[in-house]
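Protein chains in written order, with this note's numbering: chain A, 1 to 428; chain B, 1001 to 1169.
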């Protein structure tokens, strides 16, 4: 395995303790940044490193920071720790086992955008984790690494955790901000984007946990060092959350551009029970289904290459599906998920996910015809591109790609079309 | 000052201090967690009291309670076993685990045991897909994760939670 940037606790056993992190140079970069560097110098390094948002969209982090409105104050940094995509479990490992590097990363990032307050928005289920982070923040305050006038400068910084309460949609950045403001977690119309109008109407950067955990080492070792990993357009390493029908599910930190084959067969130990791989969902339940042929398996996992086999890299939560699984069952699962998690604001998503889940259930129960399958396809197509946030689009990905790429699974499950049925069966 | 404020004045002050003074409404979620710790669910009176603390309407508080799945507005089993059976977990046997667990407890998914103690629910992804079958146990004390479970290990845990609850009564 290559050098670890994010999951360093696997190499350095006591990095989870403050003393252990300090021993490997922890918080020296933060001290240096606050006492010796201008905020825009920090942003420039992150921009030059080519770091892209790890929450799913892959937006260049340094560019997002440059968009922050400098004529409107105060600024906020909000850390998205709402990790809820089925198949994603990387941010939790970082915060549980390498928390100080995560905290130093967000502190440096806050300085770069001149925020004096950081909110970490954690999904409500991460209740124990939030309590641990609260304790760690108190420790940092005692060590004078957080608080007023740090290291004798004019810079002050505080960190607060904020727990969600069970809503997938709050991983969407504007819904997250609404939720933080004490409202229903429903997305906002954009523009304006958060760097100009964010939390409490103030310029706000929302970044994912994994994204910001890179920052301390990028600033310490430089953009060129970071670019020595990964590909030109997708630099760095990425945590691939591997799950589903594989022998060794888990988080694997690998350079961007590693192939699906290496992840699934070398690191993941191949298919559970020795079966045949059938499909891959590289971006969790929000993903299109890739047909797992040789071309797909040899595709590099980076932001540019995955679309060539008909999906997105997203948060790189790689769900592996083998030949014991029928795709009509699979899309029934994802459709049910999105019906449950649609926030109800936009009609195409609210109604569409409801009807999709009714249809997928009937199809899976063997009570539907191919006409119903094509109706489902039509409903899914009519959600896409018509909603305020990406949830609607995501809900349609697996359904559309599943029907188009694995039609045989649906034909095997379908009843004959009504038109072809004997009259006695069609009645009643 | 209402009853809720009197009882938790220190905690409420700490929570409010996290947010700008003119953005008190942000405290609605942490205050709801505080209220839920009392009875295991949020009463109508709690909602009215929290609304008063934050200068918003009771309806606005109630809408937050209704929107988020971790808030409960009625008393069910004090021990909630919430099994993830989303796609990644289901690919590793979570559906069978859930059915067997319920069968052993003599209930269907979503129901509460005859003694009123344990409710078993199917929930959405809990970010532990590599360690399925898994569930979270939600009690008044908070939420805990239990991963790589078998029906036997889950039943053992439920038994120890029952004993804890009995001791607390």
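All residues carry an ideal CB built from backbone N, CA and C; glycine is no exception.
Being a predicted model, the structure only gives us computed values, none of them experimental.
- The stretch 38-47 of chain A makes no contact with the stretch 117-127 of chain A, as fewer than three CB pairs between them are under 8 Å.
- Listed in chain order, the positions of the stretch 86-102 of chain A with a beta carbon within less than 8 Å of a beta carbon of chain B are 86, 87, 88, 89, 91, 92.
- DSSP places residue 1138(B) in the uninterrupted beta strand (DSSP E) bounded by 1135-1139.
- Residue 1063(B) belongs to the set of residues whose beta carbon lies under 8 Å from a beta carbon in chain A.
- Under the criterion of beta carbons closer than 8 Å, residue 199(A) and residue 76(A) qualify as touching, at roughly 5 Å.
- In the three-state reduction of the DSSP assignment, residue 160(A) falls in the strand class, which pools E and B.
- Residue 1126(B) has a beta carbon lying within less than 8 Å of a beta carbon in chain A.
- Between residue 16(A) and residue 98(A), the gap from beta carbon to beta carbon is short of 8 Å.
- By the beta-carbon neighbour count (other beta carbons within 10 angstroms, threshold 16), residue 189(A) is exposed.
- Under the DSSP assignment, residue 90(A) falls in the alpha helix (DSSP H) whose first and last residues are 90-97.
- Residue 86(A) counts as buried, since no fewer than 16 other beta carbons sit within 10 angstroms of its beta carbon.
- For residue 351(A), no CB of chain B lies under 8 Å from its own CB, so it is not counted at the interface with that chain.
- Under DSSP, the beta-bridge partners assigned to residue 1118(B) are 1079(B).
- If you look at residue 85(A), you'll find it isn't in any beta strand (DSSP E); DSSP assigns it neither H nor E.
- Cβ proximity to chain A below 7 Å picks out 1086, 1087, 1088, 1090, 1091 from the stretch 1081-1100 of chain B.
- DSSP places residue 237(A) in the uninterrupted beta strand (DSSP E) bounded by 237-244.
- Here DSSP, grouped into helix, strand and coil, assigns residue 226(A) to helix.
- Inclusion of residue 401(A) and residue 289(A) in the CB contact set at 8 Å is warranted, their separation being smaller than that value.
- A Cβ of chain B is located within less than 8 Å of the beta carbon of residue 333(A).
- In this structure, DSSP gives residue 1017(B) a state outside helix and strand, which the three-state scheme calls coil.
- In the structure shown, the three-state DSSP call for residue 75(A) is strand.
- Counting only Cβ-Cβ distances below 7 Å, residue 1070(B) has contacts in chain A at 124, 165, 166, in chain order.
- Per DSSP, reduced to three states, the secondary structure at residue 29(A) is helical.
- Residues of the stretch 154-187 of chain A that bring their beta carbon within less than 8 Å of a beta carbon in chain B comprise 160, 162, 163, 164, 165, 166, 167, 168, 179, 180, 181, 182, 183, 184, 185, in sequence order.
- For residue 1018(B), the C-beta contacts it makes with chain A under 7 Å involve 160, in order along the chain.
- Shown in chain order are the members of the stretch 1021-1038 of chain B whose Cβ falls below 9 Å from a Cβ of chain A: 1022, 1023, 1024, 1025, 1026, 1027, 1028, 1029, 1030, 1032, 1033.
- In this structure residue 1123(B) is in contact with residue 1083(B), their Cβ atoms being roughly 7 Å apart against a cut-off of 8 Å.
- Residue 19(A) sits in a helix when the DSSP states are folded into three classes.
- Note on geometry: alpha-carbon atoms of residue 146(A) and residue 314(A) lie some 33 Å from one another.
- Residue 1142(B) belongs to the set of residues whose beta carbon lies under 8 Å from a beta carbon in chain A.
- For chain A, the residues of the stretch 1046-1063 of chain B that bring a beta carbon within less than 7 Å of one of its beta carbons are 1063, in chain order.
- Under the Cβ distance rule, residue 1102(B) does not count among the residues neighbouring chain A, no pair being separated by less than 8 Å.
- The straight-line gap separating the alpha-carbon atoms of residue 308(A) and residue 332(A) is approximately 26 Å.
- In this chain, residue 322(A) is not harboured by any alpha helix (DSSP H); it is covered by the beta strand (DSSP E) spanning 317-322.
- Look at residue 382(A) here: in three-state DSSP terms it is helix.
- When secondary structure is reduced to three states using DSSP, residue 253(A) falls in the strand class.
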